[in-house]
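Just below is one structure, and these are the notes that go with it.
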Amino acid sequence: MTAALVRMLGDFDLAEELVQEALLEAIEHWPADGIPEKPGAWLLTTARRKAVDQLRRQARFRDKLAQLDGAGMRDDTAEGDDRLRLIFTCCHPALSREAQVALTLRAVAGLTTVEIARAFITSEATIAQRIVRAKRKIVEANIPYRLPAERDLAERLDEVLAVLYLMFNEGYLATAGEQAMRRDIAEDAAWLAGLMVRLMPEEPEALGLLALIRLHLARAGARFDEAGNLVLLQDQDRRRWDQERIASAMQLLERAARLRHPGPYQLQAAIAACHAEAQAWAETDWRQIVALYDALIDVVPSPVVELNRAIARRYRDSAAAALPDVERLATALDTYYLFHATRAELLRDLGREAEARAALQRALELTANPAERALLLRRLA
138 MTAALVRMLG
148 DFDLAEELVQ
158 EALLEAIEHW
168 PADGIPEKPG
178 AWLLTTARRK
188 AVDQLRRQAR
198 FRDKLAQLDG
208 AGMRDDTAEG
218 DDRLRLIFTC
228 CHPALSREAQ
238 VALTLRAVAG
248 LTTVEIARAF
258 ITSEATIAQR
268 IVRAKRKIVE
278 ANIPYRLPAE
288 RDLAERLDEV
298 LAVLYLMFNE
308 GYLATAGEQA
318 MRRDIAEDAA
328 WLAGLMVRLM
338 PEEPEALGLL
348 ALIRLHLARA
358 GARFDEAGNL
368 VLLQDQDRRR
378 WDQERIASAM
388 QLLERAARLR
398 HPGPYQLQAA
408 IAACHAEAQA
418 WAETDWRQIV
428 ALYDALIDVV
438 PSPVVELNRA
448 IARRYRDSAA
458 AALPDVERLA
468 TALDTYYLFH
478 ATRAELLRDL
488 GREAEARAAL
498 QRALELTANP
508 AERALLLRRL
518 A
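Following this note's numbering, the numbering of the sequence shown begins with 138 at its first residue and continues without gaps.
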């Protein structure tokens with residue numbers, strides 16, 4: 138809805154305001170009147186009507202009204218085109234990387250400023266300032282609301298894929314809030330990644346990201362038990378995994394491999410594929426997974442990738458072999474809860490219970506996700 142209204146009006150703030158007003162009207166009417174057959178169309182019609190009311194009160198309403206009347210209603214294809222245009226507008230190179238990501242998560246993914254601040258581990262005021270400045274920059278620089286020319290797509294690709302990746306991660310395991318997983322956001326990221334593949338079918342990293350998202354979503358039904366507790370990969374009922382989604386992801390990876398230009402999303406998808414192909418936890422190919430993490434570190438070195446490699450080494454080699462790799466990351470990842478949770482598991486394997494408990498306590502302090510907190514509390518107990 139926001140994307141469609143930005144296309145019609147060319148005004149981010151007005152579009153977001155109209156969406157909120159339409160949602161409030163739905164809350165007032167739907168309980169009594171029932172949910173309409175096409176809720177999205179109802180909401181857009183309501184927002185469009187409110188836009189007309191507002192524009193009639195403005196001095197320049199005639200020009201804007203003509204735009205609105207000519208825009209018409211949209212179908213699913215139009216929605217996809219609208220949102221792709223909005224993503225590429227938000228990821229314009231005139232904006233800083235931080236502003237691009239924050240604005241896209243707000244305008245395209247619909248995350249609140251509070252949620253974005255949690256994902257960035259920064260203050261709500263800082264994120265709000267980034268978003269306001271980004272909107273102002275789009276207006277002042279007269280950045281067009283359209284897909285860039287084919288020759289310019291590549292220069293924005295990294296930012297667009299990074300935003301979709303962050304969007305998916307926030308949906309797959311929320312940084313905070315009452316819901317451990319926000320399936321709607323994760324599925325939305327998958328849909329948008331699919332649109333990117335449709336737009337750039339020969340781009341291997343777009344294929345890799347979509348494969349990665351599908352492989353993770355294939356396991357979504359087995360990630361939580363009936364009480365909402367997180368079920369670790371080794372304990373999941375693999376019969377509940379979505380084999381159709383896994384197969385489609387494998388086909389995407391094969392397409393990407395034929396293009397012979399490996400990148401970080403393809404490598405992460407290949408790691409996820411190793412887990413998807415294993416019929417049981419004991420059959421996991423840890424040697425291959427460690428090798429893929431080695432390749433990933435060469436492409437995008439980061440402490441988090443090194444931590445994941447150390448986790449794989451625990452299963453390929455031993456806790457004693459993995460612990461030094463983890464300890465070397467103490468300074469870089471001191472505020473990352475998974476560092477402390479991983480360290481606790483290794484220490485427990487080695488019989489160092491007191492140190493393991495202290496690490497678990499530190500991990501508990503650093504996460505607000507309800508399912509993760511429940512898991513850490515069970516370990517402490």
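C-beta atoms are modelled at their ideal positions from N, C-alpha and C, and glycine is treated no differently.
Check                                                                                                                                                                              : Outcome
With respect to the alpha helix (DSSP H) encompassing V269, which residues constitute its N-terminal and C-terminal limits?                                                        : E261 to E277
Measuring alpha carbon to alpha carbon, tell me which residue in T259, R220, L352 and T182 is nearest Y309.                                                                        : L352
Buried or exposed, going by whether 16 or more other CB atoms sit within 10 Å of the CB of H477?                                                                                   : buried
Kindly identify the DSSP beta-bridge partner or partners of F361.                                                                                                                  : L367
Using a 10 Å radius around the Cβ and a threshold of 16 neighbouring Cβ atoms, would you call K175 buried or exposed?                                                              : exposed
Identify every run of the alpha helix (DSSP H) within the segment 418–499, keeping only runs that are complete inside it and at least 4 residues long; order them along the chain. : 423–436, 440–453, 456–464 and 474–486
State the DSSP-derived secondary structure class of D374, mapped to helix, strand or coil.                                                                                         : coil
Exposed or buried, what is A178 when buried is set at 16 or more other beta-carbons lying within 10 Å of its beta-carbon?                                                          : exposed
Going by beta carbon distance, what residues of the same chain come within less than 7 Å of A458, once the five residues before and after it are set aside?                        : R450
Look at the alpha carbon of E235 and the alpha carbon of L466, and state the distance between them as a whole number of angstroms.                                                 : 25 Å
From which residue to which residue does the alpha helix (DSSP H) around C411 run?                                                                                                 : P401 to E414
How about A407 and L390: do their beta carbons lie closer than 8 Å?                                                                                                                : yes
With a threshold of 16 other CB atoms inside 10 Å of the CB of T468, please say whether the residue is buried or exposed.                                                          : exposed
Tell me where the alpha helix (DSSP H) around G345 begins and ends.                                                                                                                : P341 to A355
Let's test the definition: count the other Cβ atoms within 10 Å of the Cβ of L242 and tell me whether it reaches 16, buried, or not, exposed.                                      : buried
Which class does V238 belong to by DSSP, given the choice of helix, strand or coil?                                                                                                : helix
With G308 as the anchor, note down where its alpha helix (DSSP H) starts and where it stops.                                                                                       : E287 to Y309
To the nearest angstrom, how far is the alpha carbon of C411 from that of T421?                                                                                                    : 7 Å
Counting pairs of Cβ atoms below 8 Å between the segment 426–442 and the segment 367–382, do you hit three or more?                                                                : no
Ordered along the chain, which non-local residues of its own chain (more than five positions away) have a Cβ less than 6 Å from that of V300?                                      : V238 and T241
From this set, E443, A508, L470 and L160, which residue's C-alpha is nearest E363's C-alpha?                                                                                       : A508
Using CA atoms only, rank isn't needed, just tell me which of A500, E315, I264 and P461 is closest to L475.                                                                        : A500
When DSSP labels each residue in this structure, what does V245 get in the three-state scheme?                                                                                     : coil
For R521 versus R273, is the C-beta spacing smaller than 8 Å?                                                                                                                      : Here the chain has residues from 138 to 518 only, and residue 521 is not among them.
Looking at V427: is its Cβ nearer than 8 Å to the Cβ of L444?                                                                                                                      : no
Buried or exposed: where does D219 fall if 16 or more other Cβ atoms within 10 Å of its Cβ makes it buried?                                                                        : buried
Leaving out five residues on either side along the sequence, give the residues of the same chain with a beta carbon under 6 Å from the beta carbon of R485.                        : A493
Please say whether A384 and E344 have beta carbons closer to each other than 8 Å?                                                                                                  : Per the sequence presented here, residue 344 reads as Leu, with Glu not at that position. Their beta carbons are not under 8 Å apart, which means L344 does not touch A384 by this criterion.
If you check the beta carbons only, do R319 and C228 fall under 8 Å apart?                                                                                                         : no
For E307 versus L248, is the C-beta spacing smaller than 8 Å?                                                                                                                      : yes
How far does the alpha helix (DSSP H) with T312 in it reach, from first residue to last?                                                                                           : It is not in any alpha helix (DSSP H) - T312 carries neither H nor E in the DSSP assignment.
Give the straight-line distance between the Cα atoms of L346 and L290, rounded to the nearest whole angstrom.                                                                      : 17 Å
Give the straight-line distance between the Cα atoms of V442 and L303, rounded to the nearest whole angstrom.                                                                      : 16 Å
The alpha helix (DSSP H) spanning S233 covers which residue range?                                                                                                                 : Note, S233: premise wrong, no alpha helix (DSSP H); not H, not E.
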